[in-house]
Structures are given as C-alpha cells and as structure tokens.
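Here the sequence shown stands for residues 37 to 400, where the numbers follow my numbering. All C-beta atoms in this analysis are idealised placements derived from N, C-alpha and C, irrespective of residue type, glycine included. Okay, structure first, notes after.
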Amino acid sequence: MQLLKNILNTDLGNIQEKVIDGHRLDSEDGIRLFESPDILAIGNLANLVRERINKNRAYYIINRHINYTNICKNRCKFCAFSRDNDEEGAYQMSIKEILDKASQIIHEKATELHIVGGLHPELGLDYYVEMIGSIHERFPQVHIQAFTAVEIAHFADISGMSIYETLKKLKDAGLGSLPGGGAEVFSTDVRKELCPEKLSGEEWLNTMRTAHNLGMRSNATMLYGHIESHKDRINHLLKLRELQDETGGFMSFIPLAFHPKNTDLKDFSSTAGMLDLKMLAIGRLMLDNFDHIKAFWIMIGIKLAQISLSFGVDDIDGTVAEERITHSAGAETPEALTVDEIKSLIEETGREPVERDTLYNRIN
37 MQLLKNILNT DLGNIQEKVI DGHRLDSEDG IRLFESPDIL AIGNLANLVR
87 ERINKNRAYY IINRHINYTN ICKNRCKFCA FSRDNDEEGA YQMSIKEILD
137 KASQIIHEKA TELHIVGGLH PELGLDYYVE MIGSIHERFP QVHIQAFTAV
187 EIAHFADISG MSIYETLKKL KDAGLGSLPG GGAEVFSTDV RKELCPEKLS
237 GEEWLNTMRT AHNLGMRSNA TMLYGHIESH KDRINHLLKL RELQDETGGF
287 MSFIPLAFHP KNTDLKDFSS TAGMLDLKML AIGRLMLDNF DHIKAFWIMI
337 GIKLAQISLS FGVDDIDGTV AEERITHSAG AETPEALTVD EIKSLIEETG
387 REPVERDTLY NRIN
C-alpha cells in the first residue's frame with residue numbers, strides 16, 4: 037500500500053489518503069478531482085476502489101432494448117428522440133408489436149428486457165400494465181426493467197394515482213426493476229434551462245425512494261457534458277449517495293455522455309474522452325456505497341469502454357440489441373454486440389468476463 041501512495045500524484049493531497057484508507061470523500065474533494073488534470077492518478081484511485089469491491093470481474097448482460105414510443109409531451113432540449121403525435125417519424129408500438137420484439141430474446145438467450153419510451157399524452161395506465169403483464173405472462177423467466185422515474189410520475193399523473201399505487205400496480209403485473217434514466221442533472225437551474233417540463237430532481241429521487249421501499253431495485257444515471265458545472269455534478273452524486281445510504285436500492289451508477297446531434301443543443305461539442313473517463317472514475321470514488329459503476333458502451337464507444345475498466349468501471353452493460361434513443365442523437369456505435377464480441381472486449385483488458393442477470397447474480 038505504501039508503494040501505491042508513492043506512485044500516485046501528491047497534487048491530490050489528502051484525497052488519495054482518504055481513498056486508500058477507505059474514508060468517504062466530500063464535495064470539496066469531488067470538485068478538486070474534476071479540476072485536476074491528472075487523469076492517471078484519478079484512474080489509479082478509482083481502480084483501487086473498483087478492485088476492492090469487484091476484484092478482476094467485468095460484468096455484462098444479454099439484454100434487449102425496446103423503445104415503445106417516441107411520442108412525448110416534454111420536449112427536452114437535449115433530446116433527439118422525441119416527436120409530437122402528428123410529427124413525421126412519430127411512432128407508438130402496439131402490445132402485439134412489443135411482444136413480437138420481446139420474442140427475439142428466445143434465440144438471443146437474453147435474461148433482461150429494458151423498456152423505456154416517451155411520455156405519450158394519450159395512452160392510459162392500462163396500456164403500460166397490459167404491456168408488462170403480457171410480457172411477463174409470455175416470458176416469465178425474463179426480468180423486465182422498464183420505465184424511468186419520469187415515466188412513472190407521468191403514469192401516476194394521467195391515472196390520478198399516487199407514485200406508490202402506480203408502482204405497486206406495475207410491480208404486481210410483473211415489473212422487476214427501474215432503469216436510471218431521467219435523472220439528467222438534479223440542479224434546479226440546469227433543469228429549468230434544459231427540461232423545464234420534466235419532474236424535478238427531488239421528485240426523481242422520491243420516485244426511486246418509493247420503488248426501493250416497495251422492494252424494487254433501480255439504477256441511477258447522470259447526463260453530463262452540456263451546461264452543468266463541476267459543482268452540479270458533485271451535488272448530483274452526493275444526492276444519489278444520500279438516498280443510497282437510506283435505502284440501499286441502487287444497483288449501479290451509469291454516467292451518460294451527452295450527444296448533441298439533432299438536438300436543440302446541436303452546436304455543443306460531444307464529450308471528450310478525458311471527461312468521459314473522469315466522470316466514470318469520480319463516480320466510482322464518490323459513490324462508495326454503490327456496488328457497480330457501468331460504462332454504457334453505446335454512449336462512449338467500445339474502445340473507451342474497454343479503457344474504462346481500469347478507471348473504476350466493472351460493468352459495460354450488454355448486448356443491448358436495437359437501442360434508438362442515443363442513436364437518434366448521432367451515436368455511431370453499433371446497435372448491438374454479440375456475446376462473443378463483449379467477452380473478447382473484456383478479455384483483451386485482462387479482466388474476467390462475468391455474465392450477470394439484472395440483479396447482478398452470476399449466470400453459469
């Protein structure tokens with residue numbers, strides 16, 4: 037351990053001492069990490085924490101994404117996916133179409149369906165309950181991870197039910213867990229500028245709290261690389277950490293790189309690799325009560341996802357199959373990877389590929 041102390045950059049001062057000794061970092065530490073140019077020192081520290089928790093394992097999952105509609109009453113400035121009801125390119129899948137998509141998991145040997153969509157102004161709660169119930173009845177062996185906190189709040193609003201009642205109804209139909217989307221950045225000022233119609237950061241957290249109290253697990257995300265500050269990022273991470281202290285319901289943290297193409301922020305630059313790696317590594321360092329940090333290869337690219345396995349990341353998601361939201365914003369990554377491709381990507385980094393299910397139980 038003394039050798040590690042000697043090789044790390046002392047410009048990070050007591051931060052490295054805290055990490056090595058297993059002490060919690062605070063807001064000031066997090067901002068200093070973002071301000072530091074020493075990405076290798078930050079990566080070394082994040083890798084230390086990553087290997088303490090997950091040793092040499094690198095997780096992946098065989099999953100399929102279904103984006104059931106792009107019709108959305110919110111028009112967030114950072115979104116290239118949403119459409120108005122009568123706009124060219126707008127679509128909404130029927131329950132039969134969703135089941136047809138879901139049926140492809142049989143030959144893919146998928147263990148998870150990841151289902152999210154826009155806030156359709158004309159669909160009632162019954163549509164979503166029928167969707168989940170039909171999938172669960174047809175494929176009871178598959179875990180259904182569906183509906184962001186934003187969607188759940190929308191369902192509650194259109195049905196006149198509470199968040200608790202809405203989640204309970206969906207859980208009873210077969211909903212297994214919630215994805216982490218819709219968190220964006222919790223900052224009120226940022227949300228007012230970029231997504232004023234979306235639920236607040238506190239409402240997102242309260243929806244997740246309710247899900248956790250119902251015994252449902254979820255992921256957490258943060259959209260970065262737009263107008264947010266270092267302080268906004270750290271405050272976001274600290275709010276996630278605080279809720280995790282309370283409920284223990286989060287499985288993984290997934291930083292999401294902003295893709296500007298085809299959005300109202302199209303003049304912004306895409307995130308640089310330095311920021312992508314920092315976001316993952318600092319997420320690992322700040323979120324000491326999260327077991328997993330996930331690099332979504334669709335967002336940051338396959339090569340950087342490989343490198344991230346030495347920067348605090350222990351999960352690179354999965355086969356995915358037909359992701360539409362990020363690709364609408366110009367992502368040039370494939371829409372899917374094969375299991376062999378994912379295993380090879382992991383093995384090239386010297387890590388042990390581990391297939392998991394949604395809840396991080398090891399498969400085979």
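Counting the other CB atoms within 10 Å of its CB gives alanine 308 a total below 16, which places it among the exposed residues. Sixteen is the threshold: when 16 or more other Cβ atoms of the shown chains lie within 10 Å of the Cβ of threonine 246, as they do, the residue is buried. At the C-beta level, histidine 262 and phenylalanine 294 come within 8 Å of one another.
Assigned with DSSP and collapsed to three states, methionine 167 falls in helix.
Leaving aside the five residues that flank threonine 224 on each side, none in its chain has a CB nearer than 6 Å to its CB.
Along the segment 320-348, the beta strand (DSSP E) does not occur as any fully enclosed run of 3 or more residues.
Nearest Cα to cysteine 115 within the set Gly237, Lys314, Tyr200 and Lys302: Lys302. In the three-state DSSP reduction, valine 186 falls in the helix class (H, G or I). Judged by beta-carbon spacing, histidine 272 lies within the 8 Å limit of phenylalanine 222, meaning their Cβ atoms are closer than that value.
Taken in chain order, the unbroken stretches of beta strand (DSSP E) that lie wholly in the segment 85-124 and span 3 residues or more are 93-97 and 99-103.
The C-alpha of arginine 398 is placed about 31 Å away from the C-alpha of tyrosine 260.
Residue environment analysis places histidine 59 among the exposed positions, since fewer than 16 neighbouring C-beta atoms fall within 10 angstroms of its C-beta. If you draw a 10 Å sphere on the C-beta of serine 380, you find fewer than 16 other C-beta atoms in it, and that means exposed. Counting only runs of 4 or more residues that sit fully inside the segment 224-280, the alpha helix (DSSP H) segments are 224-230 and 237-249, in chain order. Counting every other CB atom within 10 Å of its CB across the protein chains shown gives glutamine 140 a total below 16, marking it as exposed.
Within the same chain, Cβ atoms closer than 7 Å to the Cβ of alanine 82 are found at Ala317, Arg320, Leu321, Phe347 and Gly348, the five residues on either side in sequence being excluded.
In the structure shown, glycine 216 falls within a coil segment according to DSSP collapsed to helix, strand and coil. DSSP places glutamate 158 outside any beta strand (DSSP E), giving it a letter other than H or E.
Residues of the same chain with a CB within less than 7 Å of the CB of glycine 251, apart from the 5 flanking positions on each side, do not exist.
The beta carbons of cysteine 112 and glycine 154 sit no closer together than 8 Å. Here DSSP, grouped into helix, strand and coil, assigns arginine 398 to strand. Per DSSP, serine 130 is not a residue of any beta strand (DSSP E), being assigned neither H nor E.
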